[in-house]
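Numbering (my numbering), first residue to last: 78 to 368.
Idealized CB from N, CA, C, for every residue including glycine.
From a predicted model like this one, the values you see are computed outputs, not experimental measurements.
Contents: one structure, followed by commentary.
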Amino acid sequence: MTCITKSLMFAGALILAPIVSAQPPAATPPPAERGTDRSEIEQAQRDLAEAARKFAELSAAEADRWMREFEFRSIDLPPVRLGVILGPDRRDGLVIRSTASEGPAEKAGLKDGDLLLEMNGKSLAGATTTTLIDEFLRDAKVGDVVTVKYRRGSDTRTASVTLDERPAAMSFAFGTPDGMRTFTMPDIPDMPGIAALARLRSFGNYEFVKVNKGLGDYFNTDRGLLVVGVGDKNPLTLKEGDVILSIDGREPESATHAARILRSYAAGEEAELEIMRQRRKQTLKVTLPDR
Numbered sequence: 078m079t080c081i082t083k084s085l086m087f088a089g090a091l092i093l094a095p096i097v098s099a100q101p102p103a104a105t106p107p108p109a110e111r112g113t114d115r116s117e118i119e120q121a122q123r124d125l126a127e128a129a130r131k132f133a134e135l136s137a138a139e140a141d142r143w144m145r146e147f148e149f150r151s152i153d154l155p156p157v158r159l160g161v162i163l164g165p166d167r168r169d170g171l172v173i174r175s176t177a178s179e180g181p182a183e184k185a186g187l188k189d190g191d192l193l194l195e196m197n198g199k200s201l202a203g204a205t206t207t208t209l210i211d212e213f214l215r216d217a218k219v220g221d222v223v224t225v226k227y228r229r230g231s232d233t234r235t236a237s238v239t240l241d242e243r244p245a246a247m248s249f250a251f252g253t254p255d256g257m258r259t260f261t262m263p264d265i266p267d268m269p270g271i272a273a274l275a276r277l278r279s280f281g282n283y284e285f286v287k288v289n290k291g292l293g294d295y296f297n298t299d300r301g302l303l304v305v306g307v308g309d310k311n312p313l314t315l316k317e318g319d320v321i322l323s324i325d326g327r328e329p330e331s332a333t334h335a336a337r338i339l340r341s342y343a344a345g346e347e348a349e350l351e352i353m354r355q356r357r358k359q360t361l362k363v364t365l366p367d368r
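Rendered as structure tokens:
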């Protein structure tokens, strides 16, 4: 082989080398996949179904316990107030969640977040709102002064709170396995925008309007509730055009006031309604219906 031939062969090798090196390497065969064990999947499905069944069973038992221990009752509030909303419950006393504006507690210097520790020297540890009402306010009178020991931050203080009159309201308490809770509904006033027109649906579809001077001149009275509708039920035996002057001596100031008076009677009890009928006073004896 001549030198020229050897040189040509060497040059050809150099030209082919990069072409060979530029080709991608052969793909590496993937490792053998792990075979799926069907029995493991089926067991996991059974375990999941059992856990779901157990969860549903426990949830139903807890709901049943909660409902069995649930208690709801109205509270007969005393005629006085401290002027606070309490909660949440604590073992060492009663937390003031908020104070009524210009109420007794606020006037005595108590503030939101204060912890009531004692009242008239008696500990409030473990007490509830119901305890406070029943033990300290039930027999109190407007103007009575109660001494309150409370904690604000790290300071312990005392205050003298003069009780005032409680505004009309309805209060309820409900109990759960976690303890009692109390809430108060304010009295809903008449709506002046519809000329004091209101209904007493608990006793029938009555409609009333408070007598004003113009009506009073026509019906010969300066007070009372004018009956403008009796509906399809009429347990009070009223007629359209009657004016209710009093219910057993109590003069209703509005339809809602009349409803409160009538709701104070049990079904089957009797009440006397003093009315104006055809401009003359009459007395109706009525039996209160079952509501």
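Starting from residue i, follow its DSSP beta bridges and name the residues at the other end.
i       : result
Ser-374 : Past the boundaries of the shown model lies residue 374; the chain is included only from 78 to 368, so the question cannot be answered.
Lys-199 : Met-196
Lys-226 : Glu-195, Thr-235
Glu-242 : Val-157
Once DSSP output is grouped into helix, strand and coil, what is the label at residue i?
i       : result
Thr-233 : strand
Thr-314 : coil
Pro-269 : Per-residue confidence for Pro-269 stands at a pLDDT of 46, beneath the threshold of 50, marking its modelled position as unreliable; no derived number is given.
Arg-168 : coil
Arg-130 : helix
Arg-327 : strand
Gly-293 : helix
Ser-116 : helix
Ala-185 : coil
Asp-367 : coil
Asp-211 : helix
Asp-124 : helix
Ala-137 : helix
Between which two residues does the beta strand (DSSP E) holding residue i run?
i       : result
Leu-350 : 347-354
Arg-357 : 357-364
Leu-322 : 320-324
Within its chain, find whatever has a CB closer than 8 Å to the CB of residue i; leave out the 5 residues flanking it on each side and keep chain order.
i       : result
Val-288 : Phe-296, Thr-298, Asp-299, Arg-300, Gly-301, Leu-302, Leu-303, Val-320
Ala-344 : Leu-365, Pro-366, Asp-367, Arg-368
Thr-360 : Glu-349, Leu-350, Glu-351, Ile-352
Asn-282 : Arg-276, Gly-306, Val-307, Gly-308, Asp-309, Lys-310
Leu-240 : Val-157, Arg-158, Leu-159, Pro-181, Leu-214, Ala-217, Lys-218, Val-219, Gly-220, Asp-221, Val-222, Val-223
Met-196 : Leu-209, Phe-213, Val-223, Thr-224, Val-225, Lys-226
Thr-79  : Legend: pLDDT at Thr-79 = 49, less than 50; position of this residue unreliable, value from coordinates given subsequently. Excluding sequence neighbours, Thr-79 sits near nothing in its chain.
Arg-229 : Lys-188, Gly-190, Asp-191, Leu-192
Glu-242 : Pro-156, Val-157, Arg-158, Val-219
Thr-314 : Leu-361, Val-363
Tyr-342 : Ala-348, Leu-365
So, for residue i: in the same chain, excluding its five sequence neighbours on each side, which residues have a beta-carbon less than 7 Å away from its beta-carbon?
i       : result
Arg-354 : Lys-316, Asp-319
Ile-338 : Ile-324, Arg-327, Pro-329
Leu-292 : Leu-303
Ala-202 : Arg-168, Asp-169, Gly-170
Pro-165 : Val-172
Arg-234 : Tyr-227
Ser-237 : Ala-185, Val-222, Thr-224
Got a sec? Which residues, its chain only, sit under 6 Å from residue i by beta carbon, not counting five neighbours each side?
i       : result
Val-305 : Glu-284, Val-286
Val-161 : Ile-173, Thr-176, Ala-182
Gly-198 : none
Terminal residues of the continuous alpha helix (DSSP H) containing residue i?
i       : result
Ala-336 : 332-340
Ala-204 : Element bounds for Ala-204: n/a, residue is neither H nor E.
Report whether the distance from the Cβ of residue i to the nearest heavy atom of the ligand COA is below 7 Å.
i       : result
Ile-118 : What this structure holds is no ligand at all, so the ligand COA is not there to describe.
For this session: Determine contact between the stretch 128-135 and the stretch 181-189, defined as no fewer than three beta-carbon pairs at a distance below 8 Å.
Result: No, the stretch 128-135 does not touch the stretch 181-189.
Exercise. Below 8 Å, can you find three or more Cβ-Cβ pairs linking the stretch 174-185 to the stretch 206-221?
Worked result: Taking 8 Å as the limit for Cβ pairs, the verdict is that the stretch 206-221 does not touch the stretch 174-185.
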